[in-house]
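J.: Could you have a look at this structure, given as structure tokens, before my questions?
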Amino acid sequence: MKTTTGQIVNLISNDVSKFEELSLFMHHMWSTPLEALVVFGLIWNKIGIATLFGYAVLLLLVPLQLFFSKKFGTYRKNTIRWTDERVKITNEILVGCQIVKMYRWEEALETIVHNAKKNEIKSIRKATRIRAINVSMFFFHHYH
1 MKTTTGQIVN
11 LISNDVSKFE
21 ELSLFMHHMW
31 STPLEALVVF
41 GLIWNKIGIA
51 TLFGYAVLLL
61 LVPLQLFFSK
71 KFGTYRKNTI
81 RWTDERVKIT
91 NEILVGCQIV
101 KMYRWEEALE
111 TIVHNAKKNE
121 IKSIRKATRI
131 RAINVSMFFF
141 HHYH
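Note that our numbering has the sequence shown beginning at 1, numbered continuously upward.
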């Protein structure tokens, strides 16, 4: 399997940022369950059995967040594919710049790059909508 320049650029820019995000949020794996237990005890002490209803709502939101996460992953993969395509096309144009000028292919290639960028942006918008819904659910059930 041959790795294209676009794939290498994406790996460098995207994967490094994911490791950075991991380092920021990794502590939540141990602190969130502990925090949930402590808060459960405090709320139970104040309002009693109604605490179970609140925690049931939180548990019902977990599958919904999993669904949104899977959708976001699908859209993210599409975005990466379109970005790879656009970078590959741009690289090919830059490598063959003299030929492009000689045959006057600038406008045709501009259209191809524009269409690739349009598909990439469309995929990014879909992923951003899903992520916005997922993040808003996070804030809704953590602060209300």
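Heads up, the beta-carbon is just placed ideally off N, CA and C, and yes, glycines get one too.
Please give the ranges of any beta strand (DSSP E) in the segment 51-77, keeping only runs that are unbroken, at least 3 residues long and fully inside the region.
T.: With a minimum length of 3 residues, no continuous beta strand (DSSP E) run stays inside the segment 51-77.
J.: Out of V38, K122 and Y103, which one is the CA nearest neighbour of K77?
T.: K122
J.: Return helix, strand or coil for M26, following the three-state DSSP convention.
T.: coil
J.: Between L64 and the rest of its own chain, which residues show a CB-CB distance below 8 Å, the 5 nearest in sequence each way excluded?
T.: Non-local beta-carbon contacts of L64 in its own chain, meaning distances under 8 Å to residues more than five positions away in sequence, involve M137 in chain order.
J.: Considering just the uninterrupted stretch of the alpha helix (DSSP H) at I12, what are its terminal residues?
T.: No alpha helix (DSSP H) contains I12, which DSSP labels as neither H nor E.
J.: Please state if the CB of E120 and the CB of T83 are separated by a distance shorter than 8 Å.
T.: Yes, these two residues count as a Cβ contact at 8 Å.
J.: Taking all protein chains shown into account, decide if A36 is buried (16 or more other Cβ within 10 angstroms of its Cβ) or exposed.
T.: exposed
J.: Taking the beta carbon of R86 as the centre, do at least 16 other beta carbons fall within 10 Å, making it buried, or is it exposed?
T.: Per the 10 Å Cβ criterion, buried.
J.: Just verifying my parser: in three-state terms, what is the DSSP assignment at R86?
T.: Residue state, collapsed to three classes: helix.
J.: In the DSSP assignment, find the unbroken alpha helix (DSSP H) run with K101 in it and report its ends.
T.: Per DSSP, K101 belongs to the alpha helix (DSSP H) from C97 to Y103.
J.: With the cut-off set at 8 Å, would you say F67 and I133 are in Cβ contact?
T.: no
J.: Can you give me the C-alpha to C-alpha distance between K46 and L34, rounded to a whole angstrom?
T.: 19 Å
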